[in-house]
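J.: Submitted below is the structure of interest, expressed as structure tokens.
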Amino acid sequence: MTSAFGAHFFRHEFGRLVALLTRRVGVQHLELVEDAVQAALLSAVESWTAAEVPENPSAWLYRVAHNHFVGELRQRARRAELNEEQAPIRPASDEPPATFLAGEVEDSLLRMLFICCDESIPIESQLVLALKTLCGFDVAEIAQRLFTSEGNVYKRLGRARNRLRETHFLANELTTELLASRLPAVQAIVYTLFTEGHLSSHAEDAIRRELCDEARRLTSILAVHPVAATPETFALLALMHLHSARMSARRDGSGGLLLLEEQDRSLFDQHELARGLSWLARSATGAAFSRFHAEAGIAAEHCLAPSFAETRWQRIVECYELLDRLAPSPIHTLNRALAVAECRGPSAGLAVLDGLEPPSWLSGSYLWSAVLADLHRRCGNTELASRYRDSAVQLAPSPMIAASLWRRLSAGVGS
Amino acid sequence: MPKYLCLQRSLPGRDSNVDKPSPAQMQGMYEKFNAWREKFQNNLVDLGGRLGASRLALPDPVPDGPFVEVKELVGGYMVVSASDLNEAVEVARQCPGLMRPGSGVEVIEIRSPG
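So, in structure tokens, the structure goes:
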């Protein structure tokens, strides 16, 4: 028998079970819940391989996890009695439910996501907590995906957990008002998750892509839930699908990065593209125009253009202008400069950047130098072009990017 | 074909405390185990299981005492059939659940009369 499960069954089951059980017993027991779910999955590995897989694997896992949890809580209560300490709170019910109501799983996942986005938790801790509880990655796997140390992940997780321990509310006490007020934070976290995966400046591309898949999965849950199904959420989901549509076309055969104009547009994933456009259409309701609308609009233009030259650059310039107004950032201005250069020429592009004092995080990044090198090269300012090119290549975060930059920025400049 | 009893034993002096596997790693374990089971389906007579607490039964009644606790030494068992001891060892060696840091498998021939 080969595995009848999806590629991420255990990881996703972990997220579902943690969410369901936490909702039942309260977020103050989160760590105990995670241990119980871990134990249940491990029992599954043993007994499903020795015997047959049960008819309803999720229900089986829930029952085993629930029993583990209750057993552990009893043991703690007994120990606390012996030490004359205050006994820990017992769960409301000792009996696991036989079935779940329609939508209960999605509802629990959604609530868990909103719990992770408590505004008193720093955003980088929110992200780690979501990856741990909802996506089922362990500390080492999170560290690997966020390019940070395991110690750092532990620290962030600890901060989030301490905060949650102070919040003695049951997950079902999240009111509709609280959910609505936290929605922007939730959107920000799934957006960050997606961006982390989409920045393919690193060699470990496949595992980074999992972050994009997870972000899309969580956003899909938002998009069908009454509290979170807003035009902004639809635009966010559209943006993710549209970026995913172009993902495989961004690499050459040996894993190197391809520039937009070198990409083979026949490789765009038509299925992802169609889903992206359909969410984009649904996002165009109501009066709200968010930064996600602007970004999805830009992504859609790139996906739909038959070629680089035939891209509707004017439309993209407009989207960047809107984006810069809604969420001002020099990185948006930088992108706008490139789009302006395409429709009105490289010197018009440089003019956009005139007077822009890049903050140190931007001037120290290869992007800033690369854009200036490119625009100066196209204006014929060879000396400035080669200086910015050298600095861009030096700042490139991976050999792949360095090679791609050198190829692009050396044309007509000389080494 | 002759049958062999495989006993999973913890190796003395080696730490058998392996890290808790992550869900993704568990999925890997699950898939590897199934692949192994498929590959050796003709050899696997009884997949056995884990062994728990034990008590030594002797011909004479004895008081409870600190007898050898088998569970500390033998973690699990299974029965395989193979043409010879070497083949049986190979089946056990390739079993992903049995071979772990800190544990090994003892393979014993089950003699049949005749």
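Those protein sequence lines, which keep their order, are chains B and P. Count along the first sequence starting at 1, add 1, and that's the number in my numbering. Count along the second sequence starting at 1, add 287, and that's the number in my numbering. All C-beta atoms, glycine included, are put in the ideal place defined by N, C-alpha and C.
1. Can you pull the chain P neighbours of B/G137, defined as C-beta to C-beta under 8 Å?
2. Any heavy atom of the ligand COA within a distance shorter than 7 Å of the CB on B/Q29?
3. My output table needs one value for B/C136: the three-state DSSP class, helix, strand or coil.
4. Can you list, in chain order, the residues of the region 375–386 of chain B whose Cβ is nearer than 9 Å to any Cβ on chain P?
5. Report yes or no: is there a C-beta of chain B within less than 8 Å of the C-beta of P/R398?
6. Return the CA-CA distance between P/L292 and P/V367, expressed in angstroms with no decimal places.
7. Could you give the distance in angstroms between the alpha-carbon of B/C344 and the alpha-carbon of B/R337?
8. Please name the residue or residues paired with P/D371 in a DSSP beta bridge.
9. By the criterion of Cβ-Cβ separation under 7 Å, what are the contact partners of B/Q448 in chain P?
10. Reducing DSSP to helix, strand and coil, say where B/I211 ends up.
11. Using a Cβ cut-off of 9 Å, pull out every chain P residue sitting near B/S154, in sequence order please.
12. Given a threshold of 16 other Cβ atoms within 10 Å of its Cβ, counted over all protein chains shown, does B/D139 qualify as buried or as exposed?
13. Comparing alpha-carbon positions, which option in B/V129, B/A289 and B/D391 lies nearest B/G152?
14. Beta carbons nearer than 8 Å to chain P: which residues of the region 19–39 of chain B have them?
15. Any idea what DSSP makes of B/M2, helix, strand or coil?
16. Give the straight-line distance between the Cα atoms of B/Y192 and B/L237, rounded to the nearest whole angstrom.
17. Throw me the rounded Cβ distance for the P/V378 and P/N321 pair, which I believe falls under 8 Å.
18. Under the DSSP definition of a beta bridge, which residues are partnered with P/R337?
19. For B/T177, collect the residues of the same chain with a Cβ closer than 8 Å to its Cβ; drop the 5 residues on either side in sequence, then sort them by chain order.
20. Helix, strand or coil: which one does DSSP assign to B/R1?
21. Within 10 angstroms of the Cβ of B/T312, are there 16 or more other Cβ atoms? Answer buried if so, exposed if not.
22. For a contact defined as C-beta to C-beta under 7 Å, what are the partners of P/G362 on chain B?
23. When DSSP labels each residue in this structure, what does P/S303 get in the three-state scheme?
24. Would B/A250 and B/F235 qualify as a contact pair, given that the criterion is a beta-carbon distance under 8 Å?
25. Alpha carbon to alpha carbon, what distance is there between B/V318 and B/S308?
T.: Based on what the coordinates show:
1. Position 136 of the first sequence, counted from the start, is the residue given in the question as residue 137 of chain B. Those within 8 Å of B/G137 in chain P are S309, P310 and A311.
2. Within the structure as shown, the ligand COA is missing, as the structure has no ligands at all.
3. Working through the first sequence from its first residue, we reach residue 136 of chain B at position 135. It is coil, neither helix nor strand.
4. Within the region 375–386 of chain B, no residue qualifies.
5. Taking the second sequence and counting its residues from 1, the one referred to as residue 398 of chain P is at position 111. Taking Cβ atoms only, chain B never reaches closer than 8 Å to P/R398, which makes this a no.
6. Within the second sequence, the letter at position 5 stands for residue 292 of chain P. Within the second sequence, the letter at position 80 stands for residue 367 of chain P. Using only the alpha carbons, I get a separation of about 7 Å.
7. Looking up residue 344 of chain B in the first sequence gives position 343. Looking up residue 337 of chain B in the first sequence gives position 336. Looking at the two C-alpha atoms, the distance is approximately 11 Å.
8. Counted from its first residue, the second sequence places residue 371 of chain P at position 84. The partner list for P/D371 (beta bridge, DSSP) is empty, contrary to what the question assumes.
9. No statement about residue 448 of chain B is possible, as the shown extent of chain B runs from 2 to 416 and does not include it.
10. One-based indexing of the first sequence puts residue 211 of chain B at position 210. According to the sequence shown, residue 211 of chain B is Glu rather than Ile. B/E211 falls in the helix class under three-state DSSP.
11. Reading the first sequence from its first residue, position 153 is the one you call residue 154 of chain B. Note that residue 154 of chain B corresponds to Val in the displayed sequence, not to Ser. Under the 9 Å cutoff, chain P gives no residues; its nearest Cβ is about 13 Å from B/V154.
12. Translated into the one-based positions of the first sequence, residue 139 of chain B becomes position 138. Classification for B/D139: buried.
13. Position 151 of the first sequence, counted from the first residue, corresponds to residue 152 of chain B. The candidate whose alpha carbon is nearest that of B/G152 is B/V129.
14. Q39
15. Sequence index remark: in the first sequence, residue 2 of chain B carries index 1 (1-based). Note that B/M2 scores 38 on pLDDT, short of 50, meaning its location in the model is unreliable; the coordinates nonetheless yield the value given after this. The answer is coil: DSSP assigns B/M2 none of H, G, I, E or B.
16. The residue given as residue 192 of chain B occupies position 191 in the first sequence. The residue given as residue 237 of chain B occupies position 236 in the first sequence. The alpha-carbon atoms of B/Y192 and B/L237 are separated by roughly 7 Å.
17. What you label residue 378 of chain P is simply residue 91 of the second sequence in a count that begins at 1. What you label residue 321 of chain P is simply residue 34 of the second sequence in a count that begins at 1. Rounded, the Cβ-Cβ distance is 15 Å, inconsistent with contact.
18. Indexing the second sequence from 1 puts residue 337 of chain P at position 50. Looking at the DSSP assignment, P/R337 forms a beta bridge with P/G363.
19. Position 176 of the first sequence holds residue 177 of chain B. The beta carbon of B/T177 is closer than 8 Å to those of V228 in its chain, skipping five residues each way along the sequence.
20. Residue 1 of chain B lies beyond the range of chain B shown here (2 to 416); nothing can be said about it.
21. Here residue 312 of chain B refers to the residue found at position 311 when the first sequence is read from its first residue. With 16 or more other Cβ atoms within 10 Å, it is buried.
22. Walking along the second sequence from the start, residue 362 of chain P turns up at place 75. For P/G362, there are no C-beta contacts with chain B under 7 Å, since the nearest C-beta of that chain is about 11 Å from it.
23. Locating residue 303 of chain P in the second sequence gives position 16, where the first residue counts as 1. Confidence at P/S303 is low in this model, with a pLDDT of 47, below 50, so its placement is unreliable and no value can be given for it.
24. Translated into positions along the first sequence, residue 250 of chain B becomes position 249. Translated into positions along the first sequence, residue 235 of chain B becomes position 234. No, these two residues do not count as a Cβ contact at 8 Å.
25. Stepping through the first sequence from its first residue, residue 308 of chain B is reached at position 307. Stepping through the first sequence from its first residue, residue 318 of chain B is reached at position 317. Going by the C-alpha atoms only, they are around 17 Å apart.
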